[in-house]
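Comments concern the structure below.
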Amino acid sequence: MSASASPLWSRRGFLRAAAGLCATACVPEDPRVLRFWAMGREGEVAMQLLAAFERENPGLRVRVEQLPWSAAHEKLLTAYAGDATPDLAQMGNTWLPEFVALDALEPLDSNVRASREVELRDYDPGIVDTNVVDGRQYGVPWYVDTRLLFYRRDLLAQAGYGAPPRDWDEWLRMLGAIKQRVGAERYAVLLPLNEYDPLVALWLQQGEPLLRDGGRRGNFRSEGFARTLRFYLSMYERRLAPPATNNEIANLYSELARGYFTFYISGPWQIGEFKRRLPPELQSAWMTAPLPGPRGPGASIAGGSSLAIFRRSRRKAAAWKLVEFLARPGIQQEFYRLTGNLPARRSAWADPSLAQDPYLRAFRDQLERVRSVPKVPEWERIATELKLMIEKVVRGDVPASRVAEELDARADRILEKRRWMLDRGARG
Amino acid sequence: MRSSLAAWLFVAPALLAIAVFFVVPVAAALLMSTTDFDIYALADLRNVRFVGLGNYLHLLQRPLFWRALLNTMFFVVVGVPLSIGTSLAAALLLNSPLARLKGFYRTALFAPVVTTLVAVAVVWRFLLHTRYGLLNYGLSSLGLTPVDWLGDPRWAMPAIVLLSVWKNFGYNMIILLAGLQAIPGEMYEAARLDGAGPGALFRHITLPALAPMLLMVSILTMAGHFQLFAEPYVMTQGGPAERTVTVLYFMYEEGFKWWSLGSASSVAFVLFLFMFGFTLLQLRVSRGTGTA
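Heads up: the sequence lines are chains E and C, in that order. Going by this note's numbering, the first sequence runs without a break in its numbering and finishes at 454. Going by this note's numbering, the second sequence runs without a break in its numbering and finishes at 279.
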């Protein structure tokens, strides 16, 4: 609170002055060049897609800067701190709230309303919702992902079941039957102790908010979390899932091929990996299925990446043109062919390569039932606490009865600054 | 008077560099450790609150911090003697007149030091694998029960110690080898004429002659061990059950994963105090025994 607004104290002012010096001296800013940051494989592929965009817009050039996924978040934050944000960037859906809290992103509501290319009705509502923070739209979904079941059809059939589970009870019965067949050395499902997504997806199915009071406090002492936790922990207690992290599995694909487990909860990127890495004789033995819910098919996490425009960009209109271009169903299909990333536009799914892919059917179905994780910057940290707590319970360090209270205490502590900010905002 | 002014002028560039690149950042970090500087403060400096010693007090109440401290102490207390012992043993073997192919072994034993850790981690993950690992294969052929090295909370840190000793002992080995080669052969000869055995030679000639080297090696090794980070980062990400979270790893997560830079700075200062204290202790002990 001691920070005054005097220019000496203002770090941003200082940086801006430094950046101003630099902009004139060392980095010539070309007004016709759009800077677009994209991650990993998407960044590689974006360059191929954009040739058509540059042909359509002769005065514009796009410079794609490719970031590795592992460093992307940090780079975006440091770019923000150093006044060097690009014009637009690919952004993980769960990162958006953080950059909105920084006031780094441009709201896109009026662009979307006026646009003939971006039709929000053509997107899954759960996905669009991840881009809406405090009632305003800050991104346009580029591609989507969610978590669902990958399983060995042959092992499930040997246990006496011809179709994947639809609800939790049925799933537990199947897991029990598989476990009986495979014995003590093998398992029915892999739920790595260092991943929180499966548990969060199951909790989202309960239909209650994961944080309460508008994201001010944890909601771990709720009925829904208690039910989810009981279900989840029972899979470890009954030895249906190995009490292990991914580090101990070493090679997921050879373990699945060996039948070390039958079910695994993961995302669309695994389709390509399974095709590449499972042996040929097993290629017809695996399948995907929507995530079972407490009573019938359940919800899952709304994931994927969106395109967002930075507030400090001086080429917002051109950046929006690029967003519109990348949202076209035809371009989305092309993008799918190049990367395997699932198109956010529903109409793009009419393409035969998507519509007739047997592994994608479950994804199309699941995407109708996706929900956003809490849209607060602190969510990932809270989810990490959840993951650590579950690991401790499974390893016997903490009794299951103390989980909810302890997690609420930690979440409340993490959200303390947010509460202070919101209260101050309400007063001011 | 004039000459002292000239002296100041001469050291001024160095002092200036130290001030800009060391004193100012440290002072800024100290200041930051008394605030709750975080992601919100990055957006607007008015979101910074001055919390005094709050970060430090809160740190002392966090079980994870104590866990990290305990893990680090385990690594230092077990790892430093083991590492120096291995280096010394390897140096003695290489310095033995009986050793053949010295150049080859010296290079081979030094190779892990210059290998990238990420590549090493991949190999070690297979060596340590519960079901297919070479280490467990060895254990079970000796009739011992296999160990879940990276999955069992009791064994994860020992596994990291093993990896780290293997990775780093070559460095100290080279330093100690240089020390050994500097000991004049006449001293051994004289002692042997007086009837000293190999044990007595080692205790009364080799060790005292190596003492200054050993002190330096132990200070450097300890400082390095207190800052354990990369091994758990690539091998276990702090798991299982937080048993390989070290103080530096904890600081990294606070600062660069969660952007709680205020609290991360306070961790840095606590770690500094610990290392400072231990180094003072080491110097005092070595002075007490008259080796430095």
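Cβ coordinates follow ideal geometry from the N, Cα and C atoms, glycine included. This structure is a prediction, so every number in the text was calculated from the model and none was measured.
Once DSSP output is grouped into helix, strand and coil, what is the label at residue i?
i        : result
E/ALA455 : Residue 455 of chain E lies beyond the range of chain E shown here (27 to 454); nothing can be said about it.
E/SER136 : helix
E/THR271 : coil
E/PRO369 : strand
E/ALA334 : strand
E/PRO316 : coil
E/ASP193 : strand
E/GLN232 : coil
E/ALA185 : coil
E/PHE125 : helix
E/ASP113 : coil
E/GLY202 : helix
E/ALA49  : Only weak support exists for where E/ALA49 lies, its pLDDT of 43 falling under 50; the coordinates are left without a value.
C/GLY211 : helix
E/VAL396 : strand
E/GLU91  : strand
E/GLN163 : strand
E/PHE287 : coil
E/PRO84  : coil
C/VAL100 : helix
C/LEU18  : helix
E/ARG421 : coil
C/PHE24  : coil
E/PRO323 : strand
E/VAL158 : strand
C/GLY166 : helix
C/PHE216 : coil
C/VAL110 : helix
C/ARG190 : helix
So residue i is in the alpha helix (DSSP H); what residue range does that whole segment cover?
i        : result
E/ASP391 : 384 to 393
E/SER280 : 278 to 284
E/ILE440 : 429 to 440
Closer than 7 angstroms to a non-hydrogen atom of the ligand MN - does that hold for the CB of residue i?
i        : result
E/PRO403 : The model depicted lacks the ligand MN and carries no ligand whatsoever.
How many angstroms separate the CA atom of residue i from the CA atom of residue j?
i         : j        : result
C/PHE62   : E/GLN358 : 51 angstroms
E/LEU308  : E/LEU448 : 54 angstroms
C/LEU167  : C/LEU197 : 7 angstroms
E/ARG303  : C/ALA98  : 33 angstroms
E/PHE251  : E/ASN83  : 51 angstroms
C/ALA55   : C/ILE147 : 14 angstroms
C/ALA(-1) : C/ALA6   : 10 angstroms
E/ALA267  : E/SER398 : 26 angstroms
E/ARG450  : C/ALA228 : 37 angstroms
C/GLY41   : C/SER20  : 9 angstroms
C/ASP280  : C/LEU122 : The structure shown does not extend to residue 280 of chain C, since chain C is modelled only from -12 through 279, so no value can be given for it.
E/VAL349  : E/LEU182 : 44 angstroms
C/SER288  : C/ALA1   : Given that chain C is displayed from residue -12 to residue 279, the structure contains no residue 288 of chain C and the question cannot be resolved.
C/ARG190  : C/GLY275 : 18 angstroms
What are the start and end residues of the beta strand (DSSP E) that includes residue i?
i        : result
E/TRP295 : Run containing E/TRP295: none in the beta strand (DSSP E); it sits in the alpha helix (DSSP H), 295 to 303.
E/TYR169 : 166 to 171
E/PHE176 : 174 to 178
Along chain A, in chain order, which residues have C-beta atoms closer than 9 angstroms to that of residue i?
i        : result
E/MET447 : Note that chain A does not occur in the displayed structure, where the protein chains are E and C.
message: Please identify, using Cβ separations under 8 angstroms, the residues of the stretch 219 to 237 of chain C that lie next to chain E, in order along the chain.
response: MET222, THR223, GLN224, GLY226, PRO227, ALA228, GLU229
- prompt: Three or more beta-carbon pairs under 8 angstroms between the stretch 99 to 111 of chain C and the stretch 147 to 160 of chain C, yes or no?
  reply: yes
field: Members of the stretch 393 to 408 of chain E near chain C, C-beta cut-off 7 angstroms
entry: PRO403, ARG407
Residues of the stretch 203 to 223 of chain E whose Cβ lies closer than 8 angstroms to any Cβ of chain C, in chain order: Look at the stretch 203 to 223 of chain E: the residues with a C-beta under 8 angstroms from a C-beta of chain C are LEU219, ASN220.
- prompt: Are three or more beta carbon pairs between the stretch 236 to 255 of chain E and the stretch 337 to 344 of chain E nearer than 8 angstroms?
  reply: No, because fewer than three Cβ pairs between the stretch 236 to 255 of chain E and the stretch 337 to 344 of chain E fall closer than 8 angstroms, the two stretches do not touch.
message: Across the stretch 253 to 265 of chain C and the stretch 37 to 50 of chain C, are there enough close Cβ pairs to call them in contact, namely three or more that are closer than 8 angstroms?
response: yes
task: Check each residue of the stretch 114 to 143 of chain E: if its Cβ is closer than 7 angstroms to any Cβ of chain C, include it; give the result in chain order.
output: Taking 7 angstroms as the Cβ-Cβ cut-off against chain C, the residues of the stretch 114 to 143 of chain E that qualify are GLU124, ALA127, LEU128, ASP129.
- prompt: Quick check: the stretch 75 to 87 of chain C against the stretch 257 to 272 of chain C, are there 3 or more CB pairs under 8 angstroms?
  reply: no
- prompt: Using 8 angstroms as the Cβ pair cut-off and three pairs as the minimum, do the stretch 83 to 98 of chain E and the stretch 128 to 137 of chain E touch?
  reply: Two segments are said to touch when three or more pairs of C-beta atoms, one from each, lie closer than 8 angstroms; by this definition the stretch 83 to 98 of chain E does not touch the stretch 128 to 137 of chain E.
field: Members of the stretch 413 to 441 of chain E near chain C, C-beta cut-off 8 angstroms
entry: LEU414, GLU417, LYS418, ARG421, ASP423
task: Would you be able to state if there are at least three C-beta pairs under 8 angstroms between the stretch 200 to 214 of chain E and the stretch 295 to 302 of chain E?
output: no
Residues within the stretch 114 to 128 of chain C neighbouring chain E, beta-carbon criterion of under 8 angstroms: HIS116, THR117, TYR119
query: Are three or more beta carbon pairs between the stretch 137 to 149 of chain E and the stretch 270 to 286 of chain E nearer than 8 angstroms?
result: Judged by Cβ distances under 8 angstroms, the stretch 137 to 149 of chain E makes no contact with the stretch 270 to 286 of chain E, as fewer than three pairs qualify.
message: Is it the case that the stretch 309 to 325 of chain E contacts the stretch 181 to 198 of chain E, given that we only count it when at least three CB pairs across the two stretches are under 8 angstroms?
response: Short answer: they touch.
Interface residues of the stretch 265 to 290 of chain E facing chain C [CB-CB below 7 angstroms]: When CB distances to chain C are screened at a threshold of 7 angstroms, the residues of the stretch 265 to 290 of chain E falling below it are ALA270, THR271, ASN273, GLU274, ALA276, in chain order.
- prompt: Does the stretch 395 to 410 of chain E come close enough to the stretch 100 to 120 of chain E to have 3 or more Cβ pairs within less than 8 angstroms?
  reply: yes
query: Counting pairs of Cβ atoms below 8 angstroms between the stretch 158 to 166 of chain C and the stretch 197 to 209 of chain C, do you hit three or more?
result: yes
message: At a CB distance below 8 angstroms, what residues from the stretch 94 to 109 of chain E approach chain C? Give them in sequence order.
response: GLU100, LEU103, TYR106, ALA107
message: Contact between the stretch 224 to 239 of chain E and the stretch 319 to 336 of chain E is defined here as three or more beta-carbon pairs at a separation below 8 angstroms; is this criterion met?
response: yes
message: Counting only Cβ-Cβ distances shorter than 7 angstroms, please list the residues of the stretch 5 to 38 of chain C near chain E, keeping chain order.
response: ASP23, ASP25, ILE26, TYR27, LEU29, ALA30, LEU32, ARG33, ASN34, VAL35, ARG36, PHE37
- request: Check whether the stretch 98 to 115 of chain E touches the stretch 360 to 371 of chain E, taking contact to mean three or more Cβ pairs, one atom from each stretch, closer than 8 angstroms.
  value: no
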